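In this text, residue positions in the first sequence follow our numbering: the first is 626, and each later residue adds one.
Glycine included, every Cβ here is placed at the ideal spot set by N, Cα and C.
Just so it is clear, the structure is predicted and the values come from calculations on it, not from any experiment.
Everything on this sheet refers to the single structure shown next.
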Amino acid sequence: MPELPEVEITVRTLRPKVEGKELRALRVLDPKIPQVSPLLGLPAKVDGIFRGGKHIVFAFPKKLLVIHLRMSGRLAWDEGESVPKHTRLILEFPHGRVLFIDPRRLGTVEVMEEFSKELGPDALGDLSFLEEALRESKAPIKVWLLDQRNIAGLGNIYAAEALFLAGIDPRRPASSLGPAEIARLKQAIHQVLNEALAAMGTTLSDNAYLTPAGEIGDYQPRVYGKEGLPCPTCGTPIERVELGGRGTYFCPRCQR
DNA sequence: TCATCCCTGTGG
DNA sequence: CCACAGGGATGA
């Protein structure tokens with residue numbers, strides 16, 4: 626579910642709630658999740674919360690608590706008492722709590738000394754590295770963009786959306802993109818991510834993603850999930866193919 | 001570089 | 001019932 630914009634919105638929403646606050650206790654409700662509580666030495670003050678690719682990092686004076694939401698996870702800020710269905714972890718603060726809710730149980734929770742993941746440059750940052758990096762891979766550009774070691778933050782929705790805006794066929798080998806196409810791609814990635822941030826992310830029909838405040842994201846994909854529907858630009862039916870095992874949506878006329 | 005697996009839920 | 005799902009680690 627969550628890609629860079631959803632994770633970034635999550636972090637921004639939680640920041641004023643948890644930064645500088647004391648984490649009193651941590652309750653693990655799912656045996657799949659490791660007992661991280663002793664590792665953190667609670668209670669402990671949250672120095673900061675930040676995003677690393679799609680990871681959410683709670684920074685304590687000596688340790689980091691790193692959460693990845695994977696497909697169906699989300700964090701919620703809650704000041705009530707009830708425990709919603711699929712709650713896997715609860716971070717207890719004096720004035721409220723953070724709930725990790727994850728129906729599919731694919732999300733991960735770990736404690737690290739320092740943040741070290743094999744992540745490429747952040748998708749929101751300077752993308753000038755793409756010129757050279759794309760030359761070295763024959764993988765389909767869509768598959769390349771989804772590999773977090775290449776570029777961090779894009780997922781299945783926004784990779785498809787960026788390629789649509791750039792007018793690039795997702796099946797094209799990365800190394801086949803010319804300078805003008807790469808320039809369009811860089812611009813399109815930033816545009817799509819910034820649009821999604823402004824919209825507070827994307828909430829699909831299943832409502833799996835909500836901000837920590839419980840609000841939906843208003844981003845409206847142009848091609849993702851739109852198989853058979855008319856392309857917003859030219860009206861040609863959107864097609865779906867499988868790339869790297871993931872559903873991939875594109876306009877066969879606008880994207881070449 | 002690919003399939004397979006991890007899980008559970010939903011929609012056709 | 002089967003297909004599919006905003007992600008990623010793993011092993012062949």
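**OP:** Determine contact between the region 857-866 and the region 776-788, defined as no fewer than three beta-carbon pairs at a distance below 8 Å.
**Re:** By the C-beta criterion, the region 857-866 is judged not to be in contact with the region 776-788, since fewer than 3 inter-stretch pairs fall below 8 Å.
Original post:
On the three-pair Cβ rule with 8 Å, is the region 681-694 touching the region 760-770?
Top reply: The region 681-694 is not in contact with the region 760-770.
Original post:
Do Gly826 and Ile634 come within 7 Å of each other at the CB atom, strictly closer than that value?
Top reply: A contact, by the Cβ cut-off of 7 Å.
Original post:
Going by alpha carbons, who is nearest to Gly705 out of Pro668, His720 and Gln816?
Top reply: Selected option, being the one with the closest Cα: His720.
Original post:
Do you know whose CA, among Ala808, Ile766 and Leu788, lies nearest Leu752's CA?
Top reply: Taking only the C-alpha atoms, the option nearest Leu752 is Ala808.
Original post:
Can the beta-carbon of Arg649 be found less than 7 Å from the beta-carbon of Ile715?
Top reply: With contacts defined by Cβ atoms closer than 7 Å, Arg649 and Ile715 do not form a contacting pair.
**OP:** Give the secondary structure of Ala833 by DSSP, where H, G and I count as helix, E and B as strand, and everything else as coil.
**Re:** Coil at Ala833, not helix or strand.
Original post:
So what's His883 in DSSP terms, helix, strand or just coil?
Top reply: The displayed coordinates of the chain run from 626 to 881. Any statement about residue 883 would go beyond what the structure contains.
Original post:
Is the beta carbon of Arg695 sitting closer than 7 Å to the one on Glu786?
Top reply: With contacts defined as CB atoms closer than 7 Å, Arg695 and Glu786 fail to qualify as a contacting pair.
Original post:
Is Gly726 helix, strand or coil when you go by DSSP?
Top reply: For clarity, residue 726 is Ile in the given sequence; the question names Gly instead. Of the three classes helix, strand and coil, the one that applies to Ile726 here is strand, per DSSP.
Original post:
Per DSSP, what kind of secondary structure is Thr828 in: helix, strand or coil?
Top reply: DSSP places Thr828 in coil when its eight states are reduced to three.
Original post:
Just checking, does the region 729-740 make contact with the region 786-803 on the three C-beta pairs under 8 Å criterion?
Top reply: Fewer than three pairs of CB atoms, one per stretch, sit closer than 8 Å, so the region 729-740 makes no contact with the region 786-803.
Original post:
Which value, in whole angstroms, describes the spacing of the CA atoms of Ile658 and His711?
Top reply: Looking at the two C-alpha atoms, the distance is approximately 13 Å.
Original post:
Expressed to the nearest angstrom, what Euclidean distance is found between the alpha-carbon atoms of Ile841 and Ala669?
Top reply: Taking the straight line from one Cα to the other gives about 31 Å.
Subject >> Exposed unless 16 or more other CB atoms sit within 10 angstroms - verdict on Leu654 >> reply: Flag for Leu654 reads exposed.
Original post:
With respect to 6 Å, is the separation between the Cβ of Leu759 and the closest non-hydrogen atom of the ligand ATP below this value?
Top reply: As presented, the structure is devoid of all ligands, the ligand ATP included, so that no description of it is given.
**OP:** Pick helix, strand or coil for Pro641, following the three-state DSSP scheme.
**Re:** In the three-state DSSP reduction, Pro641 falls in the helix class (H, G or I).
**OP:** Return yes when the Cβ of Glu743 is within less than 7 Å of the Cβ of Arg713, no when it is not.
**Re:** For Arg713 and Glu743, no; Cβs fall outside 7 Å.
Original post:
Using DSSP with H/G/I as helix, E/B as strand and the rest coil, what is Tyr783?
Top reply: Taken through DSSP and simplified to helix, strand or coil, Tyr783 comes out as helix.
Subject >> Residue from Leu755, Pro765, His815 and Pro656 with nearest C-alpha to Tyr783 >> reply: The shortest CA-to-CA distance from Tyr783 to any of Leu755, Pro765, His815 and Pro656 is the one to His815.
Subject >> Residue burial classification, Thr872 (beta-carbon count within 10 angstroms, cutoff 16) >> reply: It is Gly, not Thr, that sits at residue 872 in the sequence shown. Exposed is the call here.
Original post:
For Asp672, which residues from the same chain have a beta carbon less than 7 Å from its beta carbon, with the 5 sequence-adjacent residues on both sides left out?
Top reply: Excluding sequence neighbours, Asp672 sits near Ala684, Phe685 and Pro686.
**OP:** Out of Gly860, Val723, Pro656 and Leu689, state which residue places its alpha-carbon closest to the alpha-carbon of Thr836.
**Re:** Among Gly860, Val723, Pro656 and Leu689, the Cα nearest to that of Thr836 belongs to Val723.
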